[in-house]
Ligand code: NAD
Ligand code: UD1
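Residue numbers (our numbering): 453 to 794.
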């Protein structure tokens with residue numbers, strides 16, 4: 453029986469992966485990080501060390517490079533489970549570079565699965581996204597909602613990756629796909645958080661950069677949607693809650709004795725929050741000025757989506773604990789920290 457505590461974390465130098473590494477360490481696991489640093493640097497690895505007091509077991513390399521992966525499996529093994537965060541994730545960029553997105557996101561997934569098979573590792577946790585649903589017909593959305601045609605190549609890669617997982621699991625994999633809603637916030641220590649490259653596309657980094665004076669003003673994309681205040685509605689989830697669900701999913705796999713398994717969970721708070729509500733909550737909880745204007749709708753945006761997280765609440769024994777206020781306070785503390793560091 454494989455009783456190893458070692459968990460291979462691909463993309464572990466990135467935003468969600470690094471927060472998960474911290475939670476894995478505090479739950480007694482031994483993460484082995486693989487990342488090619490294509491969308492990150494060593495800042496968050498340093499954060500992991502400062503928070504946990506442990507030097508991350510980090511291996512720089514590409515998930516599409518099977519001989520590199522084999523070497524990690526062989527020298528670090530036995531590996532209990534692979535958590536696969538590594539992917540390209542910028543929706544806008546995926547429209548400019550669709551081939552690169554398919555190559556990276558599908559190529560990485562298939563190569564990692566292939567290397568797992570060669571090294572007799574069966575357990576796998578995948579970073580999926582609520583983007584697979586598009587605009588669902590019923591909200592809160594449950595895992596059984598059908599996939600709508602993806603709005604972007606990025607969204608398409610997540611749909612195709614899930615299909616690949618569904619196809620391969622009967623050949624001896626035990627897989628959990630976690631469909632994240634909108635991850636926000638930073639580690640409460642302000643030692644780790646989101647590090648967007650260039651001008652942020654996502655709402656919260658744009659909010660904190662505007663509050664810090666890096667951007668002149670925030671544009672709220674549309675106030676004429678069919679929602680209570682006219683702005684879009686999302687399910688914003690604290691990144692530490694998101695990190696913790698990975699530990700719960702791992703424990704779920706360890707508890708389950710089936711030799712093949714495929715399960716999908718929504719990971720959200722279950723609460724819809726509008727963009728204007730988030731902006732006002734940020735101003736109220738931080739006391740910081742946030743210049744904003746209402747602009748036109750952003751093409752491709754979904755009007756409203758939030759999770760029905762009951763399956764994850766029950767089967768994984770997990771629930772989001774942090775409030776929106778906590779997430780925004782932590783994101784702001786992290787932004788101030790990186791500004792100070794220059
Ligand atoms: P991130 O960009 O901060 O982290 C991804 C990491 O993967 C980066 O450090 C990058 O260098 C690495 N990477 C990319 N391609 C690689 C490759 N071929 N080999 C090795 N390393 C590679 O992104 P994140 O926000 O932490 O997202 C993690 C996962 O969660 C991704 O799969 C993303 O699609 C998914 N996701 C993110 C969000 C979100 O809003 N952040 C929402 C839903 C799903
Ligand atoms: C987007 C992606 C989604 C991806 C997620 C994380 C789309 C359609 N979806 O989600 O696939 O998983 O990012 O990378 O792109 N907003 C503003 N002003 C801003 C920025 C955002 O008003 O400057 C609004 C948006 O219109 C949206 C909400 O804030 O209504 C959230 O936007 P964002 O953080 O980009 O996430 P999503 O679009 O929900």
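Every residue gets a Cβ at the ideal spot worked out from N, C-alpha and C, and that includes glycine.
Can you tell me where the beta strand (DSSP E) holding residue 483 begins and where it ends? 482-487
At a cut-off of 7 Å, would you count residue 632 as near ligand 1, judging by its Cβ distance to the nearest heavy atom? yes
As a quick exercise: from 728, 539 and 628, pick the residue whose alpha carbon is nearest that of residue 468. 539
When we look at the beta-carbon of residue 579 and count the other beta-carbons within 10 Å, is it buried (16 or more) or exposed? buried
Could you tell me if residue 683 is buried or exposed, where buried requires 16 or more neighbouring beta carbons within 10 angstroms of its beta carbon? buried
Quick check: does the Cβ of residue 486 come within less than 7 Å of any heavy atom belonging to ligand 3? Ligands in the displayed structure: ligand 1 and ligand 2; ligand 3 is not one of them.
Which first and last residues belong to the beta strand (DSSP E) in which residue 689 is found? 688-690
Cβ-heavy atom distance between residue 593 and ligand 2 below 7 Å? no
Find the nearest neighbour of residue 688 within the set 478, 610, 618 and 778, judged by alpha-carbon distance. 778
One question on the structure: do residue 686 and residue 757 come within less than 8 Å of each other, judged by their Cβ atoms? yes
Excluding sequence positions up to five away, which residues of its chain have a Cβ less than 6 Å from the Cβ of residue 743? 669
Among 484, 673 and 560, which residue has its Cα nearest to the Cα of residue 526? 484
I think residue 638 touches residue 783, with their Cβ atoms under 8 Å apart; what is that distance to the nearest whole Å? 5 Å
So the alpha helix (DSSP H) residue 585 belongs to, where does it begin and stop? Where residue 585 is concerned, there is no enclosing alpha helix (DSSP H), given that its DSSP letter is neither H nor E.
Any chance the CB of residue 581 is under 7 Å from a heavy atom of ligand 2? yes
Helix, strand or coil: how does DSSP classify residue 622 here? helix
Across which residues does DSSP place residue 747 in a beta bridge pair? 673
Do residue 660 and residue 787 have their C-beta atoms within less than 8 Å of each other? yes
Taking the continuous alpha helix (DSSP H) assigned at residue 732, which residues delimit it? 727-738
Does at least one heavy atom of ligand 2 sit under 7 Å from the Cβ of residue 671? yes
Residue 568, DSSP secondary structure in three states: helix
What are the start and end residues of the alpha helix (DSSP H) that includes residue 520? 518-528
Please tell me whether residue 698 and residue 535 are closer than 8 Å, where the distance is taken between their beta carbons. yes
Cβ-based neighbour list, residue 492, same chain, cut-off 6 Å, excluding 5 preceding and 5 following: 465 and 466
Using the Cα positions of residue 520 and residue 591, report the straight-line distance between them to the nearest angstrom. 43 Å
Under the three-state reduction of DSSP, which class applies to residue 719: helix, strand or coil? strand
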